[in-house]
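Chains as they are written, first to last, in the numbering used here: chain A, 122 to 336; chain B, 53 to 524.
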Ligand code: SF4
């Protein structure tokens, strides 16, 4: 997994609450058996005026000029600023894959849905929870300043604005450790293979029905 | 010290290792797989040269992409080549790794959350995961069950464990008794209306109270299924006689001495009297009306006797904006009556409401009646091949067909419209599924979430009606 220690980038404002993973990447693109290539279809129904199809060249599709990511000033954004309950709905990991493929590295919101939040960390994306008032202020600053950038430091757990104002955020130690070092979770877990085997053997004794095949 | 909640007990029983950083390794008893969220996980396993840890913990079935007609053609019947590759990839992966799969032509094939309980592969006290957020369904059996992403699917395949943080405990208590015509679906929609789609974020919810324990397993599954629409990955109901009776005799259920021992353990799967919850929400079952969603989030829901809200009455600016946006998408006016919403299609199915009891309730309403000519389509999609067979043995298929509903083959179908079943732009659908997000059932489609009985009543009338008026 790609590590992330610090990141600085242009901020794009996604100004609506309860953005669900169906909106982030609609179902027709879930038919892919790959992990990459979802970027052109990120927010497909908001971004284009027609109905998107899998494996289609998106460069000729009619775009929705009002949608934020279609505006020149946000085209190279890598920090997504969002509202409450971002990433709710389906557990599809295609959502973080699409955000990542587009070029986002950090997402800031007042709250995230649990599964999406967790999926981000597995893909080198950092979701940051900041208070609603702070997020509101960042939205204003983003709108008011073209090319507005934020710097994020996962080491020190801070977000810093161009004027030098800093906000700290929380992230649990395990996730932070894995992301800072780009660690593969599976490898870490398998260091405890003996413990897993021991637990399993004991369960075979106490609850053998958990290991039955169909009768 | 306070007693333990059901969630605490399940957590403790599956804890392999508590790490110093607050994370924990949790053992997974059952892993369910489907075609959409597994291919990249198998690929990852292969690239890393890893093998599945415990083959027999896994059960797979294709459900999201499968067509609901012409099933005798098998995989060949999937017209969309991209969908077909995904289903074929699941078959190939299961064959290669030796994982039990109910393939497209197997009678046991169905929506993954329907077949687990049906096979007894979902047993009380298990930890169950699947790359699908509605895995919370299995919590109805007193299981620790939740959805995971594809990286975690790979993690579970490789290690039989998940890295987890313990969640907080919430009790949602539904007291008293439900009125006639009020179902599990109405209960869970009313709960979501109360706590909101983020109300359960970070919590494991236990649904308790008399009104919940009076319900069948099917209705409990409907409620736990939609925990995720309240933001909670985990929703549970404690084990009682109803649970144990449902499990008895199913293919994966224990037999003989093992059964007795299992039942003794299962009977401990409830929260202790002195257990403490971080949050408690109480509802009175008698207050709950049949529900209809009017917006683009499952919390945008009201009783059938209600009206579409007026955004000017909402004080929270973010919520107001949300209502304005939803009404625009849904093509509805503020203050209009729910019963004035005209429909184009009706969909009865999905992992929320496609079990035999759901079909019986819908059939009861349409029996001897006809689908309104206003509708373009009304369809019933059973949750599994076995549900389909049972319904046919009970004659439900004939009731539906005579009334003018289509009787289809099992799968997710129009719940998310990954196959050919979908809404056209601007069409309104009374749907027994779980998500009314923009575009969920088709590009520009407008979903209204309801119970099977309410969907059936809407099918007959071409608009929403209070199903209780049709019950006398
Ligand atoms: S029926 Fe719908 S919600 Fe359930 S698993 Fe299938 S697509 Fe997901």
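For each residue, glycine too, the CB sits at the ideal point set by N, CA and C.
Between the ligand SF4 and residue 486 of chain B, a heavy atom-to-CB distance of less than 8 Å is present.
Taking a 10 Å sphere around the C-beta of residue 325 of chain A, we find fewer than 16 other C-beta atoms and assign the residue as exposed. Listed along the chain, the chain B residues whose CB falls inside 7 Å of the CB of residue 186 of chain A amount to none; the nearest CB is some 18 Å away. Interface flag for residue 68 of chain B against chain A is set, since a Cβ pair is found closer than 9 Å. Rounded to the nearest angstrom, the Cβ distance from residue 75 of chain B to residue 286 of chain B is 17 Å, too far for a contact under 8 Å.
For chain A, the residues of the segment 464-480 of chain B that bring a beta carbon within less than 7 Å of one of its beta carbons are 468, 469, 470, in chain order. Set against 8 Å, the gap from the CB of residue 236 of chain B to the closest heavy atom of the ligand SF4 is not smaller. The beta carbon of residue 394 of chain B sits closer than 6 Å to those of 515, all from its chain and outside the five residues before and after it, given in chain order.
Residue contact with chain A for residue 117 of chain B: present (Cβ-Cβ distance below 9 Å to some residue of chain A).
The three-state secondary structure of residue 336 of chain B, taken from DSSP, is strand.
The beta carbon of residue 301 of chain A sits no closer than 9 Å to any beta carbon of chain B. Unbroken beta strand (DSSP E) stretches of 3 residues or longer found wholly inside the segment 180-263 of chain B: 196-199, 213-216, 220-227, 255-260, given in chain order. For residue 149 of chain A, the neighbours in chain B by C-beta distance under 8 Å run, in chain order, 470. Look at residue 407 of chain B here: in three-state DSSP terms it is coil, with no helix or strand label. A residue is called buried once 16 or more other Cβ atoms fall within 10 Å of its Cβ, and residue 288 of chain B is buried on that count. Membership of residue 228 of chain A in the beta strand (DSSP E) is indicated by the continuous run 227-230.
Taking 9 Å as the threshold, the shortest C-beta distance from residue 328 of chain A to chain B falls below it. Put simply, the CB of residue 190 of chain A is far from chain B, with every gap to its CB atoms at 9 Å or more. Listed by position along chain A, the residues whose Cβ is nearer than 7 Å to that of residue 349 of chain B are 139. Annotated three-state conformation of residue 179 of chain A is helix, per DSSP. When A/153, A/218, A/202, A/198 are compared, the shortest CA-CA separation from residue 137 of chain B is found for A/153. Using a Cβ-Cβ cut-off of 9 Å, residue 171 of chain B counts as an interface residue toward chain A, since at least one Cβ of chain A sits closer than that to its own. Straight-line spacing of the CA atoms in residue 262 of chain B and residue 224 of chain A works out to 51 Å. Residue state for residue 94 of chain B is assigned as helix, using DSSP reduced to three classes.
For residue 215 of chain A, the shortest separation between its Cβ and any heavy atom of the ligand SF4 does not lie below 8 Å. Secondary structure of residue 171 of chain B (DSSP, three-state): helix.
Set against 8 Å, the gap from the CB of residue 198 of chain B to the closest heavy atom of the ligand SF4 is not smaller. Within the segment 311-380 of chain B, complete beta strand (DSSP E) segments of at least 3 residues are found at 331-336, 343-345, 353-355, given in chain order. A distance below 7 Å between beta-carbons, with the five flanking residues on each side excluded, links residue 81 of chain B to the following residues of its chain, in chain order: 109, 178, 179, 180. When 9 Å is used as the limit between beta carbons, residue 412 of chain B is near no residue of chain A, the shortest such separation being about 26 Å. For residue 404 of chain B, the distance from the CB to the nearest heavy atom of the ligand SF4 is below 8 Å. Interface residue (Cβ-Cβ distance to chain A less than 9 Å): residue 222 of chain B is not classified as such.
When the five nearest sequence neighbours on each side are left out, the beta carbons in the same chain lying within less than 8 Å of the beta carbon of residue 209 of chain A are those of 139, 140, 141, 142, 234, 237, in order along the chain. Residue pairing by DSSP places residue 110 of chain B opposite B/83 in a beta bridge. Shortest Cα-Cα distance from residue 217 of chain A to any of A/205, A/136, A/164, A/197 involves A/164. Between the segment 452-463 of chain B and the segment 161-180 of chain A, the count of Cβ pairs shorter than 8 Å is below three; the stretches do not touch.
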